[in-house]
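Residue numbering for the sequence shown follows the numbering used here, starting at 326 and increasing by one per position.
Idealized CB from N, CA, C, for every residue including glycine.
A quick write-up on the structure given underneath.
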Amino acid sequence: MRFPIKTFFLMGLLAASSLPAYAKLNVVATTPDLGSIAREVGGDRVEVTSLARGTEDPHFVDAKPSFIRILNQADAVIEGGADLEVGWLPPLVLNARNPKIQLGQPGRIVAAEVIRLLEVPTGPIDRSLGDVHPFGNPHFTLDPLNGKLIAGRIKERLCMLSAPDCPVFTANAKQFEEKIDSRLALWQKQMAPLRGTKVVTYHKSYSYLAERFGLQVLNTIEPKPGIPPSAAHARDLVAQMKGAGVALILLEPNHERKTPAFLSQETGARVVLIPSMVGGAKEAGDYLALFEYIVKAMLEAMKERQP
Ligand SMILES: [Zn+2]
């Protein structure tokens, strides 16, 4: 066979721009939720490392020195954004000295960019108050539909980073979206009896979950995100919870148990330990399993509450 010189040149260019078949993209996710979605989209073409553990507070992750080496070798970093990781990620990225993961590069994926954030402050932001949600609520992965949007953004960027694998990423993302749609329909059916149930949460971790499943978050145990409760706030809560008939207190694994136990004792509301991220409970090992677990835990708690 004879090819014109130009064709050879083009083939050479294509070969040079594609990775060898065995090279997987090194993807680093700040949280296990983002890591799980990245695994769904990337499949066997990516190696995913999640920095935070599912039982940790994603605002205050223990930044190990080993994270710098992991970030140094990353082809892409996926972060939640909206200041979720502002307390720990920027110095790690700075020290990792990796041009591929700088802001504005295809290898820096900021999930918040594709999300309609809840609780965006309307007035001036006063960080001196210690509010860790200055740009709105960054715990958006707890709405499965946001998981789909994040998968879409990850797919776009992985396609930019490895064009030959793009058809695989596209097919994986589509499959993930279909799984979410079919599971979400079932979860909403199961959770239908809980619509309108009044809950109190520790941190504002479950706002997106509450919105998706029709729960009413009356108040939070933290007076502001990141601020520990005072005795006066706890007393106010007791009165509010009794008045409104709060059924459940949703508690993340990374918070103290004393205040929720006190509130439960005073009001009769039941404390439900709910993982706020993938890996927050042993059975919540991936993104879909996280919701399976949450739905089951909430249904069980409501059942046990009834006489
Ligand atoms: Zn938060």
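By the Cβ test, the stretch 603-620 is not in contact with the stretch 546-565, since fewer than three Cβ pairs between them sit closer than 8 Å. Secondary structure note for A564: its alpha helix (DSSP H) is the uninterrupted segment 556-569. In the DSSP assignment, K523 falls within the unbroken beta strand (DSSP E) covering 523-526. In terms of Cβ geometry, L443 and E536 form a close pair [threshold 8 Å]. The beta carbon of E372 is closer than 8 Å to those of K349, L350, N351, V352 in its chain, skipping five residues each way along the sequence. Judged by pairs of C-beta atoms under 8 Å, the stretch 401-414 does not touch the stretch 495-512, as fewer than three such pairs exist. S530 is positioned such that its CB atom lies closer than 8 Å to that of H464.
Within the same chain, T522, V524 come within 6 Å of L540 by CB-CB distance, once the 5 residues on both sides are set aside.
In the DSSP assignment, I403 is bridged to A354, I434. In the pairwise beta carbon analysis, the stretch 472-484 is classified as touching the stretch 351-366: at least three pairs are separated by under 8 Å. L576 is bridged by DSSP to L598. The beta-carbon separation of Y527 and T545, rounded to 7 Å, stays under the 8 Å limit for a contact. In the DSSP assignment, Q590 falls within the unbroken alpha helix (DSSP H) covering 583-592.
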